[in-house]
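One structure is given below, encoded as structure tokens.
Chains as they are written, first to last, in the working numbering: chain A, 0 to 289; chain B, 43 to 300; chain C, 57 to 396.
See the structure below:
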């Protein structure tokens, strides 16, 4: 029983960061219709920014975190303006190719600058875990969970309360009408990509100190983000949030009770099953006809 | 009336709370030209979508030559002989006019995949036959001069003619035309009406959605009038013109057009 | 013009070993040739049928592993204390097995693609390839996992019991790959210029219209997927018996990316596109290898891709043929001016 509880807690903690990854990608997918291959790289970028600020430059941990997220947002905006905006009218595969090119450049730049050696980020939290009954919780991981949830709530508020957020939702529902009503689609696209990238960078910055930072860490993260988007349905914020937790649970429990070697496969098998039986995602509300 | 070619019985289509078609019942006799008219949003294209399998009805039956076609996929319905055109101009825009018609001739070909891969001579012979027929169809539609042009670059009126040519290539016994002359000027419309006559002379039954009343009155044997998903009148053109329900539905638009 | 050019190319490639005997160059050409076959197969699915299949490397790897395992023989514990014993088979039989199994998986993906479209399909295919990679990595009993399958027998043809011809050296392998590549090109050409090929293009360009003239969309998606997967499997089979050692890295996403790059920059939906793209992106890395660190090579690669997409959006082959048409079209236009 204690073991189960530990798995559940681990899953909750992991789920928060997975949710951040998934939400970022589903927004980009849903509003812009772009298959964002750079999403994993923004995750890696966030982690390396932590290495840069917290380890190399000796900046305070929490300030470094803030900086990593802000720079993630800026990087996302830069990618959108430089690469996606010129591709606005092109077909989906040429856009995909540009994104793949950007992914290759980003990942290899990281490899070149930082080398392939794994880097670690130390945190100001005590090493000794907090023990409650049979469950042991590391302070760092608790902080990560809290920060992830705070960011999810923040993103949700932004999308539902701010003017830009409303414009984003309008564009998602009906792009043409939104444009006719005066919504600046260019700005919406840049903001969406920047927000999504910022959330990915946040996930990387939070998980960097928990695990280690390597140039290829983004690949698996990206694949999981795609899985979460499928689970939750394209463009579905809540769906992606829940999907992140579901994936984390499936992984934790699967790795714990079935086989740890196949841990990463659990997520993919889950997506393939969902796509076979409920392709619009587990939480889709809208009915499409014809 | 002898057994009708196409019969709809109680066809109902509901989208959530909205009823798009309400117990629609009518029949089309073989060799006839029937027009489906009504104000915008009356459900005419929805009816086409249900008949040709792009939309499943919530209730009701559709029979073609006595056999039910509800639940069949669009390509299966086309194979039975019902071919439709689309309200928004629909051609294979990046292909040449000739290729467009060649694609339309799909159902006339029989070559199996393994025969194609092996490069058997009967495949090449069949290809030549299809190419000859494509030329004939282009002549019939008056598009022979444009055969090598890219379909997307054609003038609007010619694109609409191409649409009909593609549909004819599929060898229909019932042709469903969705607003074929919308956007055409009077001389293009007259040319089209003449082509309808020629299509009819070849034994093809026609079901037509149109707003252009001159054309509708000019070619139709019977008219079915739809409003808010329900049939409100049905009969010969002269009767339908005088029907008070119809006049009310159009609020004098018909008088202005005629 | 293209007929003559094609034959000229073929003549050049056939006589190549006579005047180029640097084994490293031959090796590069052989591996490039294998990638060209894979790229042609992806072009059928991506370029002609318009399916964004990003899991293509899975078919390549499945073909490779199946053929390797069948030619080496294997035993598998199927539970309940029983063991499935598969003896080693002649290489040519193992190769056919590899192609067939790859084709079978293609059938599965083809059926799936009807239910699931666009961006979702991209994700499904990527996930599928990842799952296959992880299975290959973890199912050590069968695949040896990261320890790799080695000592795979080389390419050979045989009549059981009577005669066997084995290709140990590079030059015969080069010719086998060239032959398979030429054959694959021919198959794709026949398919694409047929009624079936037109149906595939039609369903890509305007699916509702295609259905309205009787084209069974699912059927043609499946056909494209099966032919495409089988051909990629054939490329994988050649790879396994040429390099004679394979590990789960053969399923890495980066190889799918390489094939996609070859198809799209070469010119998707054209016959010569994947060949040109394959040659460019198969040979350029080798040239760059001498000049710079691997990461820098990849950065140049990525930048090159982006530039080609920005400036030659339809790919190299359509750009070149367009240019050629403009150059050669001018004289005839002058002649056609009416003399009045």
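Note that the Cβ used here is the ideal one computed from N, Cα and C, for glycine as well.
- Taking each of 193(C), 231(C), 325(C) in turn and checking the Cα distance to residue 95(C), the smallest one comes out for 325(C).
- In this structure, residue 247(B) lies away from residue 224(B), with their beta-carbon atoms at least 8 Å apart.
- Within its own chain, the residues whose Cβ lies closer than 6 Å to the Cβ of residue 206(C), once the five positions on either side in sequence are excluded, are 301, listed in chain order.
- In this structure, the alpha-carbon of residue 346(C) lies about 52 Å from that of residue 265(C).
- Near chain B, meaning a CB-to-CB distance below 7 Å, the residues of the region 236 to 253 of chain C are 243, 246, 247, 250, 251, 252.
- For residue 365(C), the neighbours in chain A by C-beta distance under 9 Å run, in chain order, 86, 89, 93, 94, 96, 97, 100.
- Residue 201(B) counts as buried, since at least 16 other C-beta atoms from the protein chains shown sit within 10 angstroms of its C-beta.
- Taking a Cβ-Cβ threshold of 9 Å, the residues of chain C close to residue 149(B) are 269, 270, 271, in chain order.
- For the 8 Å CB-CB criterion, residue 227(C) and residue 68(C) do not form a contact.
- Under the three-state reduction of DSSP, residue 109(B) is assigned to strand.
- By the Cβ neighbour-count rule, residue 3(A) is exposed, with fewer than 16 other Cβ atoms within 10 Å of its own.
- When the Cα atoms are used, residue 160(A) and residue 275(C) turn out to be separated by approximately 48 Å.
- Residue 354(C) belongs to the set of residues whose beta carbon lies under 8 Å from a beta carbon in chain A.
- Here the alpha carbon of residue 257(C) sits roughly 9 Å from the alpha carbon of residue 263(C).
- Between residue 173(A) and chain C, the shortest Cβ-Cβ separation is not below 8 Å.
- Linking residue 93(B) to residue 263(B) through their CA atoms gives a straight-line distance of about 20 Å.
- Between the alpha carbons of residue 101(C) and residue 237(C) lies a gap of roughly 17 Å.
- Flagged as an interface residue toward chain A: residue 369(C), by a C-beta distance shorter than 8 Å.
- Non-local C-beta neighbours of residue 257(B) in its own chain, meaning closer than 7 Å and more than five positions away in sequence, comprise 223, 231, 235, ordered along the chain.
- Residue 225(C) sits exposed, since fewer than 16 C-beta atoms from the chains shown fall within 10 Å of its C-beta.
- The region 53 to 70 of chain B makes contact with the region 96 to 110 of chain B, as at least three CB pairs between them are under 8 Å.
- Contacts with chain C at 8 Å (Cβ-Cβ) include residue 117(B).
- Taking a contact to require three or more Cβ pairs closer than 8 Å, the region 232 to 251 of chain A and the region 38 to 50 of chain A do not qualify as touching.
- Taking a C-beta distance under 8 Å as the contact criterion, residue 221(C) and residue 212(C) qualify as a contact pair.
- In the three-state reduction of the DSSP assignment, residue 129(A) falls in the strand class, which pools E and B.
- Counting along the chain, residue 55(B) sits inside no alpha helix (DSSP H); it lies in the beta strand (DSSP E) bounded by residues 48 to 57.
- Proximity to residue 296(C) across 245(C), 121(C), 375(C) peaks at 121(C), based on C-alpha coordinates.
- Taking 8 Å as the threshold, the shortest C-beta distance from residue 89(B) to chain C does not fall below it.
- Selection 155(B), 135(B), 244(B) evaluated against residue 179(B) yields 244(B) as nearest (Cα-Cα).
- Shown here, residue 122(C) sits in a helix according to DSSP, grouped into three states.
- According to the DSSP assignment, residue 370(C) belongs to no beta strand (DSSP E), since it is labelled neither H nor E.
- For residue 97(C), the enclosing alpha helix (DSSP H) stretches over residues 79 to 99.
- For residue 128(B), the chain C residues whose Cβ falls inside 8 Å of its Cβ are 264, 265, 268, in order along the chain.
- Among the residues of chain C, those whose CB is under 7 Å from the CB of residue 110(A) are 351, following chain order.
- Within the region 19 to 38 of chain A, contact with chain C at the beta-carbon level (separation under 8 Å) is assigned to 28, 32, 34.
- For the region 184 to 195 of chain A, the beta-carbon criterion of a distance under 7 Å to any beta-carbon of chain C is satisfied by none of its residues.
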